[in-house]
Each structure stands twice: as C-alpha cells, then as structure tokens.
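Residue numbers (this note's numbering): 16 to 205. Just below is one structure, and these are the notes that go with it.
This is how it looks when you write it as structure tokens:
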C-alpha cells in the first residue's frame with residue numbers, strides 16, 4: 016500500500032493541472048515578499064528565483080522600497096508592483112506562465128494539504144488525500160474496463176468500447192508508474 020501511495024502522489028502531479036499558489040496573495044512567494052519589504056532583507060525572496068534573475072528582483076525591490084516611503088496608496092502600489100514582479104519571475108523560472116496575482120484563499124486542496132504537511136511535519140494527511148484520489152481513479156478505470164470485457168466477438172462496437180476502456184486504464188496505470196519515477200526529488204536538482 017505504501018508503494019501505491021507514493022505512486023498516487025506522483026500521479027496527481029503528473030496527470031492533473033499544475034496547482035500553484037505561488038501566485039496567490041497568501042502564497043509563500045508573496046508572504047516572503049511582504050516580509051522582505053518590511054524588513055529590508057532581500058534574501059527572503061531571492062530563494063524563490065533563479066540566480067540569473069537576481070538583478071531584476073534587486074532592482075524591483077529597491078524601487079519598491081523607495082516608493083513605499085511615501086506611504087498610503089503609493090506604498091500599496093509599490094508592494095503590488097514588487098509582488099507581481101517577483102511572482103512573474105518566479106513562475107518563469109518554473110517554466111509557467113504568469114497570469115496575475117490571485118486572491119488569498121484560492122489554494123487547491125492538495126496544495127493546502129502540502130503546506131499543512133510542511134507546517135506540521137506530518138505527511139500522512141497529504142499522503143492519504145493523494146492515495147485516496149488515485150485509488151479512486153484506478154478503481155474507476157478498472158471498473159470501466161471490466162464492465163466491457165465480456166462482449167460478443169461479433170459485436171464490433173462493444174469490442175471498441177472495451178478496447179477504449181482498456182487503453183484508458185493501461186495508460187492511467189502507466190502514467191502513475193512513470194510519474195513516480197520522474198517526479199522523484201533527485202530528478203529535479205538545480
């Protein structure tokens with residue numbers, strides 16, 4: 016069952032849309048940016064960008080810190096500019112498009128669970144969430160193929176329905192397996 020859970024974790028990353036919260040106003044990138052702007056410690060945000068992008072972030076940080084001194088709306092605008100610049104550069108470093116900052120509280124369940132796991136030091140709730148979803152997917156594909164398995168050889172349409180369900184099931188299982196291999200942390204060394 017442990018292997019299934021590991022496969023499940025990787026498969027959700029591989030087979031689902033990428034859930035990001037680095038572009039939310041309560042995500043880790045913007046939280047780091049808020050702390051950096053308030054403290055003047057740029058190192059808090061540099062960890063979220065590639066080394067080649069440091070100059071752009073340094074420039075945006077210096078401009079934002081200077082404008083913030085005016086207070087009020089200027090401070091809010093300067094903060095927003097820095098958040099947007101930082102998140103855009105961070106997303107580009109991940110190979111993802113920047114589509115603007117999202118409101119706080121718009122985090123998908125697996126992302127929220129991953130954050131809770133990091134905060135609490137307990138992986139099990141996240142692993143259970145992912146394993147449950149993956150096992151449900153495996154069962155759905157398996158049940159579909161099994162329901163169509165026994166068809167009359169002369170019934171070509173029923174045979175095609177079986178073949179389609181078979182292909183879906185096998186490819187789903189294959190993606191789970193491949194995701195577990197390709198999503199291992201050592202595959203992402205920078």
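For each residue, glycine too, the CB sits at the ideal point set by N, CA and C.
Could you give the first and the last residue of the continuous alpha helix (DSSP H) run that contains residue 124?
124-135
Quick check: residue 36 and residue 126, are their CB atoms within less than 8 Å of each other?
yes
By alpha-carbon positions, which one of 165, 62, 78 ends up nearest to residue 109?
62
Kindly indicate which residue of 54, 177, 59, 53 has the alpha-carbon position closest to the one of residue 43.
59
Nonlocal neighbours in the same chain, by C-beta distance under 6 Å from residue 173, ignoring five residues either side:
166
According to DSSP, residue 39 sits in a beta bridge with which residue or residues?
117
Quick one: using the 10 Å Cβ neighbour count with 16 as the cut-off for buried, is residue 93 buried or exposed?
buried
Are the Cβ atoms of residue 159 and residue 180 separated by less than 8 Å?
yes
CA-CA distance, residue 78 and residue 38?
21 Å
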